[in-house]
Amino acid sequence: MGRLRSVAKRQQLEACLDYLREGDTLIVTKLDRLARNVAHLGQLVATLKAKGVSLRILDLGLDTSTPTGELILNMMGAVAQFERQMMLERQREGIAKAKADGKYRGRAPTAMRQARRVHELAAEGLKRSDIAQRLGLSERSVYRALSV
529 MGRLRSVAKR QQLEACLDYL REGDTLIVTK LDRLARNVAH LGQLVATLKA KGVSLRILDL
589 GLDTSTPTGE LILNMMGAVA QFERQMMLER QREGIAKAKA DGKYRGRAPT AMRQARRVHE
649 LAAEGLKRSD IAQRLGLSER SVYRALSV
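Counted the way our numbering counts, the sequence shown spans residues 529 to 676.
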């Protein structure tokens, strides 16, 4: 299904879910700020339901404390995921076309532009962390530049 997953753990969401108690209502402004995809939405709704917590989504005027609200939430989640997939597909097609036309080359390798300077500073005896700080690079970029 492509790359529709969160890259990082969402610690604040996890803390919020741990804090909720029976009878509470979790209020979010937008559905896409809560769940990454329909499967994730289903997991969150199941977790909330098991805890006796309802969900309100302000921009949709939706409240899952009713069966109708729960149905509409699932339908909206499916539509949101479909829209996201279509957007990503159009983006991939646009990038492929731009590459074919020679208009897209990706991000410039900014750290490698400074590889010569990295080697000079290393030859002077500077530590990798000092080189990184002086040139505004990450230490990983310094290691990478020194490996070529």
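Backbone N, C-alpha and C fix where the C-beta goes; we use that ideal spot for every residue, glycine too.
Per DSSP, residue i forms a beta bridge with which residues?
i	result
Arg584	Ile555 and Asp591
At the level of alpha carbons, what is the spacing between residue i and residue j?
i	j	result
Ile585	Lys631	41 Å
Phe610	Ala651	54 Å
Val646	Gln613	41 Å
Ser675	Pro637	15 Å
Lys577	Ala563	15 Å
Gln597	Ala624	The sequence as given places Gly at residue 597; Gln does not occur at that position. Their Cα atoms are separated by approximately 40 Å.
Thr575	Gly551	13 Å
Val607	Val566	9 Å
Leu554	Lys579	11 Å
Met529	His568	Because the pLDDT of Met529 is 38, which lies under 50, any placement of that residue in the model is unreliable, and the number read from its coordinates should be weighed accordingly. Using only the alpha carbons, I get a separation of about 14 Å.
Ser582	Arg672	50 Å
At the 8 Å Cβ level, is residue i part of the contact set with chain D, yes or no?
i	result
Leu572	Absent from the structure is chain D; it holds one protein chain and no more.
Output the boundary residues of the alpha helix (DSSP H) element that contains residue i.
i	result
Leu674	Glu667 to Leu674
Lys577	Val566 to Lys579
Tyr632	That residue, Tyr632, is in no alpha helix (DSSP H); it is neither H nor E in DSSP.
Asp546	Gln539 to Tyr547
Glu550	Segment: none, Glu550 is in no alpha helix (DSSP H) and carries neither H nor E.
Ala651	Ala643 to Ala651
Leu663	Arg656 to Leu663
Segment contact flag, the segment 642-662 with the segment 607-623, C-beta cutoff 8 Å, min 3 pairs: no
Inter-stretch contact (C-beta, 8 Å, three-pair minimum) for the segment 622-637 and the segment 593-612: no
Sufficient close CB pairs (3 or more, under 8 Å) joining the segment 537-544 to the segment 579-596: no
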